[in-house]
Amino acid sequence: MNKLSLIVIATLLGAGMCLAQNISLPAPEKTGGKSTLETLWNRQSGTEFSERMLSDQDLSNLLFAAIGVNRENGKLTSPTASNKQEIRVFVFTAEGVCEYLNAENSLRPVVQGDHRDLVAGRQGWVKTAPVILLMVADEKKFGGSDERSTVVMGVDAGIVSENINLFCAGAGLVTRPRMSMDTQAIKELLRLDETQTPLLNNPVGYAR
Ligand SMILES: Cc1cc2nc3c(=O)[nH]c(=O)nc-3n(C[C@H](O)[C@H](O)[C@H](O)COP(=O)(O)O)c2cc1C
């Protein structure tokens, strides 16, 4: 995200317009990155990030990789069991938290302020990543809360995380899939109810 975008987000959030106005992202690119095989050879988890904010384009490409719409029928880059598309992605930055709205490729501001520490939990290095993506399973969208549903939503979140892992490996970004976080505090911050569960997160940044 460039300086202008940060100012736009900060201004919107600061003005209390959180619920009034979404932030459009540039269209995700259709070419670029390393080949599939090179990407797989590069894939690894990291913990050292440059503090430099992602460019708007890289952020858009990253979110597209996670749960972007890649077909006219509305289906996504990440498959989901029974096509339930129940995994939501929230974006934590130093400025605030937004939700990625994939149908319109935009960010919906949710809360202002730097809350990356809640995702970091006891792993302090996570806070140095300029962007943290949080995967939240939405039971209402999935249509079940039994043991089997819980497992399947975890699988779906894992696939989203792996899309992020592979995008980062192909684009030269650093990331690490994580299950550690202060789940209860995040639920309170984002005003999630008992049917919406943070499952995984990926801090993301440029290499240091
Ligand atoms: C589901 C899942 C949860 C993970 N949770 C954490 C975590 O909470 N903290 C962490 O530092 N790494 C976490 N990891 C990363 C693993 O530790 C890492 O993938 C493993 O050490 C193998 O290293 P590699 O990814 O470089 O191959 C997690 C990985 C997966 C797949």
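Offset between the sequence shown (1-based) and this note's numbering: plus 266.
Glycine included, every Cβ here is placed at the ideal spot set by N, Cα and C.
Beta-bridge annotation (DSSP): A473 is paired with F315.
Contact between the region 375–391 and the region 431–451 is present: three or more C-beta pairs spanning the two stretches fall below 8 angstroms. With a cut-off of 8 angstroms on Cβ pairs, the region 363–375 is not in contact with the region 457–465, counting fewer than three such pairs. L329 is not bridged by DSSP to any residue. Leaving aside the five residues that flank S326 on each side, the residues in its chain whose CB is nearer than 6 angstroms to its CB run, in chain order, L291, P292 and P294. Of the candidates V402, S321, D322 and D422, the residue whose Cα lies closest to the Cα of T346 is D422. Here F330 is not near V402, since their CB atoms are 8 angstroms or more apart. By the Cβ criterion, the region 439–446 is in contact with the region 308–316, since at least three pairs of Cβ atoms, one from each stretch, lie closer than 8 angstroms. Rounded to whole angstroms, C434 and G410 show a C-alpha spacing of 32 angstroms. Cβ contact annotation for S427 (same chain, cutoff 7 angstroms, sequence separation greater than five): M401, P443, L466 and N468, in chain order. Judged by the Cβ position, G438 fails to qualify as a neighbour of ligand 1 at the 7 angstroms threshold, every heavy atom of the ligand being at least this far.
Placement of the Cβ of L432 at a distance of 7 angstroms or more from every heavy atom of ligand 1 is found.
Contact between V377 and L456 holds: their C-beta atoms lie close to 7 angstroms from each other, under 8 angstroms.
Ranked by Cα distance from I353, the first of N288, G390 and L399 is L399.
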